[in-house]
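Heads up, the thing below is written out as structure tokens.
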């Protein structure tokens, strides 16, 4: 069962992997040549990349899936159950939630424990209802209502970690003051993303040091984005209010929990014998770095289940990671400033340098950018310097066309940061042909 009127989560993302694993044969690939033909150069033309991305996504859509297996049937059933009670923002998001739930039943196989960030812009977007369904289907759910970090990490064991469920996270991280007060909780959620990250505390009357495990999968729901360090370790589900005509079934504990528990137990029975196989798999991923670490358990579950799921998992991964990268670029405190400065240099025909005053002028006059309304009177030289300092870019003396010197920014100081943080904005040459300033 699919949600009514699902919309595409994002434009197709560039894929740098063989299209999908052979269903039923984890680790094998449909066509290695597809991986060779993908151009890994992130500095290529943006329009060409978009066309390539659409072509890769289209090739995945047409892949012939294997015969259904017990695993794929269980995933289909779970997806249908979730869709009865909530309407995720897209079919990709529904697939991701389904795979994440099943991955909780194989936690001891994973090197990384992906977080599921269930966020929305306001109340009544279905975040808590989704957590209700997760509570009844994940492995060993542990609700963290009013629980201290000490109580939580003392409840985590390496042999059988629980699945942490954190609701109303905006009451924990919603303001800087709240976030500072709950820094230990944020640290726990960050550390628990990777295996073998411990917290050390003294215990007993003799204050003996003892290590406590933190590794456990976690679903975290709240209004607004979670701290960046958590979002970076999460599969992000951006919930929204139901539109007119979108229907879901009310969740009733007495009626619905027995069926969900029965499904949970059947999933656990299927997954249990596959633990060693899951731990040994290293699937080709459509993304890299931390995103690959986070999504790998979901892709492995899909490969084990076969049917259409290897294809669906990789499509969801590519689309949703690309959507989050685009959202990060639009965030004023993230790569947005780099992307907008890139556009300014392009508009100015790639001049060697711009004075701070001129750069600020162009940034502020962009009607779609936040810089004209930044602070009380628009973005200042001081704030610009602060935003760029995190990328190790600093102003200096630059020579203007009239041969005078002013404080400003050399274009070649941005090249490395542009390649790393906003490669899709505009092509950047792989090596500089201009002198260092």
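Numbering (my numbering), first residue to last: 51 to 487.
Beta carbons: idealized from backbone N, C-alpha and C, even for Gly.
Spatial distance of residue i from residue j (CA atoms)
i           : j           : result
residue 191 : residue 376 : 32 angstroms
residue 254 : residue 260 : 10 angstroms
residue 315 : residue 174 : 30 angstroms
residue 189 : residue 155 : 5 angstroms
residue 392 : residue 412 : 11 angstroms
residue 251 : residue 234 : 13 angstroms
residue 399 : residue 465 : 15 angstroms
residue 133 : residue 329 : 29 angstroms
residue 401 : residue 461 : 7 angstroms
residue 211 : residue 448 : 57 angstroms
residue 273 : residue 197 : 20 angstroms
residue 244 : residue 457 : 44 angstroms
residue 103 : residue 225 : In this predicted model, residue 103 has a pLDDT of only 49, less than 50, meaning its place in the structure is not dependable; the value taken from the coordinates is given anyway. When rounded, the distance between both Cα atoms is 38 angstroms.
residue 222 : residue 425 : 26 angstroms
residue 217 : residue 181 : 8 angstroms
residue 301 : residue 141 : 21 angstroms
residue 204 : residue 161 : 20 angstroms
residue 118 : residue 359 : 10 angstroms
residue 72  : residue 367 : Since pLDDT at residue 72 reaches only 38, below the 50 mark, its modelled position is unreliable, and no value is offered.
residue 305 : residue 178 : 18 angstroms
residue 435 : residue 362 : 43 angstroms
residue 439 : residue 446 : 13 angstroms
residue 236 : residue 452 : 52 angstroms
residue 416 : residue 394 : 10 angstroms
residue 339 : residue 296 : 37 angstroms
residue 213 : residue 450 : 59 angstroms
residue 201 : residue 168 : 23 angstroms
residue 231 : residue 256 : 29 angstroms
6 angstroms CB neighbourhood of residue i in its chain, flanking five on each side removed
i           : result
residue 148 : 125, 128, 129
residue 166 : 150, 269, 285
residue 463 : 443
residue 437 : 387
Per-residue burial, residue i [other beta carbons within 10 Å of its own, 16 or more giving buried]
i           : result
residue 157 : buried
residue 403 : buried
residue 293 : exposed
residue 470 : exposed
residue 151 : buried
residue 303 : exposed
residue 136 : buried
residue 83  : Confidence in residue 83 is poor, its pLDDT being 33 and thus under 50, which makes the residue's placement too unreliable to answer from.
residue 374 : buried
residue 343 : buried
residue 258 : exposed
residue 195 : exposed
Contact belief for residue i with residue j at Cβ below 8 angstroms, rounded distance in angstroms
i           : j           : result
residue 138 : residue 287 : 6 angstroms
residue 263 : residue 207 : 7 angstroms
residue 467 : residue 441 : 4 angstroms
residue 371 : residue 341 : 5 angstroms
residue 337 : residue 153 : Residue 337 to residue 153, Cβ: 16 angstroms. No contact.
Cβ-based neighbour list, residue i, same chain, cut-off 8 angstroms, excluding 5 preceding and 5 following
i           : result
residue 185 : 191, 193, 215
residue 209 : 158
residue 313 : 124, 127, 128, 131, 187
residue 228 : 221, 222
residue 322 : 155
Beta-carbon proximity check, residue i vs residue j, cutoff 8 angstroms
i           : j           : result
residue 348 : residue 146 : yes
residue 271 : residue 219 : yes
residue 246 : residue 279 : no
residue 345 : residue 121 : no
residue 183 : residue 324 : no
residue 431 : residue 454 : no
residue 459 : residue 409 : yes
residue 281 : residue 275 : yes
residue 354 : residue 334 : no
residue 472 : residue 385 : yes
residue 238 : residue 277 : no
residue 318 : residue 242 : no
residue 356 : residue 390 : no
Residues of its chain near residue i, where Cβ-Cβ distance is below 7 angstroms and the 5 sequence neighbours each way are ignored
i           : result
residue 428 : 414, 421, 422
residue 290 : 139, 170, 175
residue 248 : 261, 262, 263, 264
residue 433 : 424, 425
Closer than 7 angstroms: residue i CB and nearest the ligand PLP heavy atom
i           : result
residue 453 : Looking for the ligand PLP in the displayed structure turns up nothing, as the structure carries no ligands at all.
Proximity test, Cβ basis, 8 angstroms: residue i and chain C
i           : result
residue 264 : In summary, chain C is missing from the structure at hand, where a single protein chain is found.
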